[in-house]
Every structure is written in C-alpha cells, then in structure tokens.
Amino acid sequence: MSSSLSAEDDDIFERLQQRKDPQVLEEQQQAVNERTQAILQKAQARLGELLDQNSTLPCSISSVQVFGAPNTRRSFLEKVINPLLSENKNRPYTLSEALREVSATADKLGRFELFHQPISVHLDESNNHGDLRNLDVLLAVREKSRVLLKTGTDLGNAEGSAYGNLLWRNLFGGAETLNLNASLGTRTRSAYQAAFETPLFCDPDFRLEIGGIASATQKSWASHEEVLKGGWSKLRWLSRSGHRHELGYNGYWRQITGLGESASPTVRADAGDSVKSSVFHSWVNDQRDNPMMPSRGYYAKIFNEVAGWGPLKGDVSFWKSEIETQSAIPIPIPFVKGDSGVSFTTGFRAGLLCPLGLDSSSRPQLSRINDRFLLGGPTDVRGFRLCGLGPREGGDSLGGDAYAAGSANLLFPLPRVGAEKPLRLQLFMNGGRLLPLRTSQKTIPSSSSEVQDAVISTVTDLQSGVPSIAAGFGIVYAHPVARFELNFSLPLVQRKGEEGRKGLQLGIGINFL
9 MSSSLSAEDD DIFERLQQRK DPQVLEEQQQ AVNERTQAIL QKAQARLGEL
59 LDQNSTLPCS ISSVQVFGAP NTRRSFLEKV INPLLSENKN RPYTLSEALR
109 EVSATADKLG RFELFHQPIS VHLDESNNHG DLRNLDVLLA VREKSRVLLK
159 TGTDLGNAEG SAYGNLLWRN LFGGAETLNL NASLGTRTRS AYQAAFETPL
209 FCDPDFRLEI GGIASATQKS WASHEEVLKG GWSKLRWLSR SGHRHELGYN
259 GYWRQITGLG ESASPTVRAD AGDSVKSSVF HSWVNDQRDN PMMPSRGYYA
309 KIFNEVAGWG PLKGDVSFWK SEIETQSAIP IPIPFVKGDS GVSFTTGFRA
359 GLLCPLGLDS SSRPQLSRIN DRFLLGGPTD VRGFRLCGLG PREGGDSLGG
409 DAYAAGSANL LFPLPRVGAE KPLRLQLFMN GGRLLPLRTS QKTIPSSSSE
459 VQDAVISTVT DLQSGVPSIA AGFGIVYAHP VARFELNFSL PLVQRKGEEG
509 RKGLQLGIGI NFL
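The numbering used here puts the first residue of the sequence shown at 9, with every later residue one more than the last.
Written out as structure tokens, the structure reads:
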C-alpha cells in the first residue's frame, strides 16, 4: 500500500513540476479575459436596461457630500455643488437628468485639477415620498499634493536649459495655484518667473492669471542679448462651443545690450531701452485627435496685439496680428482594417506688424527688432537655419514685418512598429517668405497714408515670386510632453542672403509648422 501511494505522489509531483506550454497559458488567459469581458458587458447591458426603464422616474437630489477634501474651502465647494440640489430647481429631476447633472458636477470638480482622477460617485435613496425618489449624492475625492517641487533639464527649439519649478496648489482653498520657475540655459541665459492663477466665480473654465518675469536671452542670430523685465495679467475662458479665449495686458521693459563685435548698424541703432505696453487677445479652436501628432481634425488660432495706442503709452506703437491653421486627414490603405496610421497634414501661418504711432520727428514709427517676426528653423520652416529667412545685414537676422509660411507632411508608420505607436516616418515640403515693411519705391514712409501704402505693398509682395522652399524626410516621435523630429533636409529654393541647412536637423518642441 505504501509503495503505491509513493508512486502516486511521485506522479503528482512530476505533473506539478512540468512547465505548461506558453501557448496553452496564453489561450487560457485569453479565455478568462473573454469570459470576464462578457460578464461586464452583460452587467452593463442590464444596467442600461434598468436606466432606460426608469429614465423618466421623478426624483430629487436632497444632499451632496464631498469626502476627502480637507484643504478645500467649504464655501468654494458649496458654490460648485449648490446648483445641483433640487431645492434650487423649479421642478423635480427625472432619473436620467439627475444622473447627467451629477456626472457634470463630478467632471466640473475634476477640471479644477485639485483631485486625482477618477472622482467616485455614490448614490443612495432616503425618505422617498410616493413615486418621488430622494437621492443623496456622495462624491469621494483624493486631493493632489499641495506642493510639488521639480528640477530637471529641457531641450527644445534649439535650446537646452536646466530648471527648477515650485508649484503650490490650492493656495487659499479655492483652487488657486502659485507657480515659481527659475531656469538657466544656453540661449535663455537666466529666467525667473512667478505666476498666480485663480478660477473666477468657481468656474474651472474661467480663470485669472497674474505674473511677472525677469530674463536675459542671448540672440545669437542677431549679435545681441535682450534683458526683459515686466509682468502680465490675463483672463482665460472656454466658450460653450469649446473655443479657448485669452484676453490680457503686457507691460515690459526691454533692453538690447551685450552687442557682439560684428553687430550690424541696424542692431546697434535699436540698442538700449524700450517699454512696451500692450493688450492682446487670442482665439483657439483645436479639434485635432492628438496635438503632437494629429491624424485627423483641424486647428485654428488668431492672435492680435495692440501696443502704445491711446492710454497704453510706452515708446513702441503697433498692431500685430497672426493666424495659424493646421489640418490632418487619415489615408486609408487597401486590405488594412481600421486606422492605417498613414496621414496627410498641412499647416499655414501668416503675420503682419503695422506701425501706429509717430516718432520724435512726427514720422511714422518703424518697428524695432524686439517686436518683428522671425522665420526659419527645425520647428518652423525646416531646411533653413534658425531665423535664417528674411532680411539680413551682415551676419545678423533682422526679422520682418510680414510673413507667410506653409507645409505639407506625409506621415506613415515604421515597418514592424505598428500604427498604435507614436513613431512615424515623415516626408515633408515647406516654405515661406519674411519681408520688411516698405513702399513700392523701397523708401521709408513719412506719413500715415504712406504707411498704408507700404502695408498693402508688402502684403502684395508676399504673393509675388517663389518663396524659399525645402523638402526632406525624417523620423517623428510624439512624446506626451514634446514632439521630436530628426530630418534630412534639402533647400530647393533659397533667396539671396538667406541661410539654408542641408543635412540632418533636430527639432524638439510643441508647436511645429
């Protein structure tokens, strides 16, 4: 008897020690996952049926409680939650309306960026009266850390920097934030910035921001350094249609200093102090599926700024306007189901800087190098050096008062990588023109009427002739924080004096043409 039991034990141990075929294990796991998914789908379908059957059931929300927010003011939470209570409504909810309003309130709390996602919602019945159901709502939240300190390095837009950042959330218990930032870099030699932001009227989509900055930036393309000190205030809001607006005021003292030995006469003429006082507005409509690497959708932005006009004062006076658009469409591939990962993207940008005031000799005030547009670079018009397009004097890029640039990009997945990965091969062609303000006779305007003629002449000149063009191919990686591009570029059309870049070019940034 003992010998037979020993044989059975040995057989059992042998079977336990045998390694199962990985394919069998994978099939078993897949079967378990499919069964779990089927149970969840069945439960969701049943829940949906119950909600449909009772969607018109009258109910009221008698109380709302928030758990897990010890650092958030009670008065702030009450202003967010009170509109949900039935006592503030003229009629009872239906069940479907109540669920929709509760979900909207939880989403609104989440948009203050105070709590970890998701916010748990619990419903309970209490003191029902006939067919009217009284609901108690419980929102369970978990506050994010109030103080966040980060240090690190950044690469982007042809610059490297080391930074330290202190973020203080929920400063006074009403979703306020204080952001302090200091950085040292290769181009922005030093920058210190502070910004305070708070929601207005307990609305996460309507915010006020006040900030200040002190920085020193080396402008290697124009043989000088710019010291900037000043502040801003702005209102940001999101319209019901999903459009983002920003309205604000800037007040800056700028100083062009640290001139290089080879600085051009134009740069030397603009050296010294300048004060800009301006108001601005921006409008953005972003319908892209991915801002870093869109495969479908469109993006549009309009920016307008007025400086030194009327009560704004300052020693520069101009109107500055920019428009930017981007569109992307997916390209279906035969015999490939779903999204192929192949997409075609186009982009366009244009801007105009128009002088408004008069100088000390009562002549129209021309723009300064601080305020002009710059064009060219790995995140801009590829195939040209940083700020390599437009007017130049010696080795300095002077910028321009009007520009237009466009691009066309074809993106497709790398072999054996897959469309779901944020990695693409890219074929591109882009080009642009950057011009100074000038009359048809290329003379300096001496009256307001000549300024108008100069603006019209400059805009007309943008449309004449062939722009500077470059083409190439490369690899694109869309990280959640920034987009990385490594391209081989070849300038095809290059105007006299402009600086092209044939060969490899690395671009790191957020906003690409």
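Don't be surprised by glycine CBs; every beta carbon is placed ideally from N, CA and C.
Helix, strand or coil at residue i [DSSP, three-state]
{"i": "Asn90", "result": "helix"}
{"i": "Asp144", "result": "strand"}
{"i": "Phe84", "result": "helix"}
{"i": "Leu246", "result": "strand"}
{"i": "Glu34", "result": "helix"}
{"i": "Gly41", "result": "Looking at the sequence itself, residue 41 is Asn, so the reference to Gly does not match. Three-state result, Asn41: helix."}
{"i": "Ser228", "result": "helix"}
{"i": "Val350", "result": "coil"}
{"i": "Thr466", "result": "helix"}
{"i": "Lys504", "result": "coil"}
{"i": "Arg400", "result": "strand"}
{"i": "Ala190", "result": "strand"}
{"i": "Arg108", "result": "helix"}
{"i": "Ile127", "result": "coil"}
Alpha-carbon spacing of residue i relative to residue j, whole angstroms
{"i": "Leu418", "j": "Thr353", "result": "6 Å"}
{"i": "Leu514", "j": "Val145", "result": "53 Å"}
{"i": "Tyr485", "j": "Lys242", "result": "33 Å"}
{"i": "Glu234", "j": "Pro475", "result": "30 Å"}
{"i": "Gly266", "j": "Leu236", "result": "13 Å"}
{"i": "Arg276", "j": "Gly414", "result": "32 Å"}
{"i": "Ala199", "j": "Asp379", "result": "19 Å"}
{"i": "Thr274", "j": "Pro340", "result": "52 Å"}
{"i": "Leu255", "j": "Leu33", "result": "59 Å"}
{"i": "Arg304", "j": "Leu147", "result": "36 Å"}
{"i": "Phe420", "j": "Ser497", "result": "18 Å"}
{"i": "Arg150", "j": "Arg376", "result": "51 Å"}
{"i": "Ser448", "j": "Gln460", "result": "Note that Ser448 scores 47 on pLDDT, short of 50, meaning its location in the model is unreliable and no value can be drawn from it."}
{"i": "Ser63", "j": "Leu85", "result": "28 Å"}
CB of residue i within 8 Å of CB of residue j, strictly
{"i": "Gly408", "j": "Leu442", "result": "yes"}
{"i": "Gly280", "j": "Asn258", "result": "no"}
{"i": "Trp291", "j": "Ile310", "result": "yes"}
{"i": "Lys152", "j": "Leu122", "result": "yes"}
{"i": "Gly480", "j": "Arg390", "result": "yes"}
{"i": "Phe214", "j": "Trp245", "result": "yes"}
{"i": "Gly384", "j": "Ser270", "result": "no"}
{"i": "Arg141", "j": "Asn178", "result": "no"}
{"i": "Cys395", "j": "Val463", "result": "no"}
{"i": "Gly517", "j": "Thr333", "result": "no"}
Nearest candidate by alpha-carbon position, reference residue i, set the options
{"i": "Leu92", "options": "Ile331, Leu397, Lys152 and Leu117", "result": "Leu117"}
{"i": "Ser191", "options": "Leu216, Lys158, Phe436 and Glu105", "result": "Lys158"}
{"i": "Gly426", "options": "Leu147, Val474 and Gly346", "result": "Gly346"}
{"i": "Ala478", "options": "Ile518, Thr196, Val501 and Phe120", "result": "Val501"}
{"i": "Ser169", "options": "Leu175, Trp176 and Thr161", "result": "Thr161"}
{"i": "Gly482", "options": "Thr185, Arg491, Asn495 and Gly250", "result": "Asn495"}
{"i": "Arg446", "options": "Asp469, Tyr260, Ala315 and Glu86", "result": "Asp469"}
{"i": "Gln434", "options": "Gly172, Met301, Thr225 and Asp323", "result": "Met301"}
{"i": "Val88", "options": "Thr64, Ser405, Pro399 and Phe209", "result": "Phe209"}
{"i": "Leu397", "options": "Glu86, Leu320, Gly76 and Lys504", "result": "Lys504"}
{"i": "Asn519", "options": "Glu401, Lys321 and Asn298", "result": "Asn298"}
{"i": "Gly440", "options": "Arg432, Thr194, Ala490 and Phe392", "result": "Phe392"}
Residue i at chain C interface by Cβ criterion, 8 Å
{"i": "Asn79", "result": "Absence of chain C from the displayed structure is noted, only one protein chain being present."}
My parser needs the beta strand (DSSP E) runs of 3 or more residues fully inside the stretch 261-332; what are they?
280-294 and 305-315
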